[in-house]
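Undergrad: Next up is a structure, given as structure tokens.
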Amino acid sequence: MYGYDSIVAADTPAAEVCGITVIPGILLTGIPAKDVQSRVKKCRGTGSVVAVQVGDNGFNRAIAGTTGVHILRGIHAADKRAFDHVAAKIAADNNTALDIDLSVIIFGRGRLRQKAIHRYLDLMILYRRFEFPLTISSSAQSVLGLRAVREVTGLCSLFGMDETDVQAALDGVGRVTDTGESLVKVIS
Amino acid sequence: MSIRPPTLREKRRYLLARIDPAGTLVEPKDLYYVVYEAVVSLFGDVAAAAMQPSVIAVEKGYALLRCRRGAEREFAIALSTLSAYRDCTVAIRVLAVSGTIESLRERIAALVPQDVALPGQDTGPVQEGTPGTGACGYRFDSLPVDAVVWNGHKVDVIEKGFKNTRRLFLTTEDLEIIHATTIPDGL
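So the sequence lines, in the order shown, correspond to chains P and B. Just remember that my numbering sits 1363 ahead of the position in the first sequence, which is counted from 1. Just remember that my numbering sits 23 ahead of the position in the second sequence, which is counted from 1.
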């Protein structure tokens, strides 16, 4: 109805409902980097999308380079130095996505929303330079929190994303969870 | 002040938007304030003045909105940030943009099934059990009742009868006290 073929839902088993694929998601928040690595090892092979809440700069660099972490999320609430060019390079090399949470833009007002837009504008500068994957989420708790693809495109244009970027970001979950095992590997 | 000739009038665009969840009772004036707040909050006073957002009407669960030509994209973005109306969570889904209200009304007619009457309307034939009709089969604590207000998941019913008719406002506590499990699924 809104133009999606799959959703990521936290703590939900994988399923297919009315033609929509439900992908299980795991969100790790407030735990140190070492514990994140051990938790990620446990999740490996389950087909879950592992997302980690961003922290300070050192934490983000460590997590961006951790194999098995798919998404770093919560960049809108992080410090402005939390995600720099070094972390962006690590994320691009490790195929770790940065999440753009639109719920702050939709439900937030005033300074909260201004700060989020500023963070996303800054993130887009790094994205253009390093081309790490992006994902877009709405943190919807009901259908009223969901936005259609056209609405998402409009909202993302507020911080300089064009339609191509939005389409790539909506494909971001598939991009970061793709293990690439079926691809041909050239060895020479 | 005389009305300007058509060539001197500013061009406008009309937006058709669906109000979710279905059945939400929306007053056009209140919706206008919410829409205006969303526009001002996102784009500021200057852009809002240039955009001239306005609510033309709310019909059959759909809203007809107006803005200046060229600003419809920004207006739609602002509408997608609208999330609350009178302490209720709502969503405004823009369905179409047109140069005339008439074409949007035709779209509403195509979208709304003719045999379903929404609250506050008495147009067309209605199904059995539809709020506001005398033919409904709802029962409330073994009494036949008729739904008079239907706002999302909240339903107010009125006891049927010739005399001693009283209005029943159902709250969660009421339902727990009088064993709401006796109410049929339709209510």
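C-beta: ideal position from N, C-alpha, C; glycine also.
Short of 6 Å in beta carbon distance, which residues of its chain neighbour B/Leu38, apart from the five on each side in sequence? Order them along the chain.
TA: Cβ neighbours of B/Leu38 beyond the five flanking positions: Leu88, Val117, Val120.
Undergrad: For B/Met74 and P/Thr1375, what's the separation of their Cα atoms in angstroms?
TA: Roughly 43 Å separates the two Cα atoms.
Undergrad: Going by DSSP, what residue range makes up the beta strand (DSSP E) through P/Asp1464?
TA: 1460-1464 is the span of the beta strand (DSSP E), which, as asked, contains P/Asp1464.
Undergrad: Using a Cβ-Cβ cutoff of 9 Å, what residues of the segment 102-116 of chain B are near chain P? List them in chain order.
TA: Cβ contacts with chain P: Leu102, Ser103, Thr104, Leu105, Ser106, Ala107, Thr112, Val113, Ala114, Arg116.
Undergrad: Going by C-alpha to C-alpha distance, which of B/Glu125, B/Arg27, B/Arg162 sits closest to B/Ile79?
TA: Among B/Glu125, B/Arg27, B/Arg162, the Cα nearest to that of B/Ile79 belongs to B/Glu125.
Undergrad: Rounded to whole angstroms, what is the Cα-Cα separation between P/Gln1477 and P/Ile1469?
TA: Each residue's alpha carbon lies about 12 Å from the other.
Undergrad: Assign P/Thr1384 to one of two classes, buried (16 or more other C-beta atoms within 10 Å of its C-beta) or exposed (fewer than that).
TA: Classification of P/Thr1384: exposed, given that the 10 Å Cβ count is below 16.
Undergrad: With a floor of 4 residues, list each alpha helix (DSSP H) that falls wholly inside the segment 1488-1520 of chain P, ordered by position along the chain.
TA: Those alpha helix (DSSP H) runs which fall completely within the segment 1488-1520 of chain P and span 4+ residues are 1512-1519.
Undergrad: I'd like to check one pair, P/Val1449 with P/Thr1498: are the Cβ atoms closer than 8 Å?
TA: It is not a contact, given that the beta carbons lie outside the stated cut-off.
Undergrad: Would you check if the distance between the CB atom of P/Phe1522 and the CB atom of P/Leu1484 is smaller than 8 Å?
TA: Contact flag set, yes.
Undergrad: In this structure, how does DSSP classify P/Pro1376 when only helix, strand and coil are distinguished?
TA: Looking at P/Pro1376 - three-state DSSP - the assignment turns out to be coil, as it is neither helix nor strand.
Undergrad: Going by beta carbon distance, what residues of the same chain come within less than 8 Å of P/Arg1424, once the five residues before and after it are set aside?
TA: Here the set comprises Val1449, Ala1450, Ile1453.
Undergrad: If you measure from the beta carbon of P/Phe1522 to each beta carbon in chain B, is any gap under 8 Å?
TA: P/Phe1522 does not count as touching chain B.
Undergrad: Residues of chain B with CB under 8 Å from P/Glu1526, in chain order?
TA: In chain order: nothing, as chain B lies at least about 12 Å away.
Undergrad: Does the distance from the CB of P/Ile1389 to the CB of P/Ala1373 come in under 8 Å?
TA: For P/Ile1389 and P/Ala1373, yes; Cβs fall inside 8 Å.
Undergrad: Secondary structure at P/Ala1531, three-state DSSP: helix, strand or coil?
TA: In the structure shown, P/Ala1531 sits in a helix (DSSP, three-state: H, G or I).
Undergrad: In whole angstroms, give me the CA-to-CA distance for B/Arg109 and P/Asn1457.
TA: Rounded to the nearest angstrom, the two C-alpha atoms are 46 Å apart.
Undergrad: Going along chain P, which residues have a C-beta under 8 Å from B/Asp43?
TA: The answer, in chain order, is Val1506, Leu1507.
Undergrad: Check the Cβ-Cβ distances between B/Ser64 and every residue of chain P, and say whether any is below 8 Å.
TA: Taking Cβ atoms only, chain P reaches closer than 8 Å to B/Ser64, which makes this a yes.
Undergrad: According to DSSP, what are the bridge partners of B/Pro167?
TA: Paired residues: B/Arg162.
Undergrad: Put P/Cys1406 into one of helix, strand or coil per three-state DSSP.
TA: Correct three-state label for P/Cys1406: helix.
Undergrad: Cβ closer than 8 Å: which chain B residues qualify as neighbours of P/Ala1479?
TA: Within chain B, no residue comes near P/Ala1479; the closest Cβ sits about 12 Å away, beyond 8 Å.
Undergrad: Determine whether the beta carbon atoms of P/Ile1409 and P/Val1432 lie at a separation below 8 Å.
TA: In the sequence as displayed, the identity of residue 1409 of chain P is Thr instead of Ile. Contact: no.
Undergrad: Against chain B, with Cβ distances strictly below 8 Å, would P/Val1432 count as a contact?
TA: Not closer than 8 Å to any Cβ of chain B, the Cβ of P/Val1432 fails to qualify, so no.
Undergrad: I want to verify the contact list: residues of chain B whose CB lies under 8 Å from the CB of P/Gly1517, in sequence order.
TA: Within 8 Å Cβ-Cβ: Arg96, Ala99, Ile100, Ser103.
Undergrad: Quick check: is any heavy atom of the ligand SAM less than 7 Å from the C-beta of B/Ile42?
TA: Although the ligand SAM was asked about, the structure shown includes no ligands whatsoever.
Undergrad: Just to check my reading of the structure: P/Asp1534 and P/Ser1502 have Cβ atoms closer than 8 Å, yes? What is that Cβ distance to the nearest angstrom?
TA: The pair is not a contact, with the Cβ atoms about 19 Å apart (cut-off 8 Å).
Undergrad: Which term fits B/Gly93, buried or exposed, when burial requires 16 or more other beta carbons within 10 angstroms of its beta carbon?
TA: Looking at its Cβ environment, which holds fewer than 16 other Cβ atoms inside 10 Å, B/Gly93 is exposed.
Undergrad: Give me whichever residues DSSP pairs with B/Ile100 in a beta bridge.
TA: None; B/Ile100 has no bridge partner.
Undergrad: Say whether chain B places a C-beta atom closer than 8 Å to the C-beta of P/Ile1499.
TA: Chain B, which has no Cβ nearer than 8 Å to the Cβ of P/Ile1499, makes this no.
Undergrad: Have a look at P/Val1415, P/Leu1509, P/Glu1494 and flag the residue whose alpha-carbon is nearest the alpha-carbon of P/Ala1532.
TA: When each option's Cα is compared against that of P/Ala1532, the closest is P/Glu1494.
Undergrad: Using a Cβ cut-off of 8 Å (strictly closer), state whether P/Ile1469 contacts chain B.
TA: It does; some Cβ of chain B falls within 8 Å.
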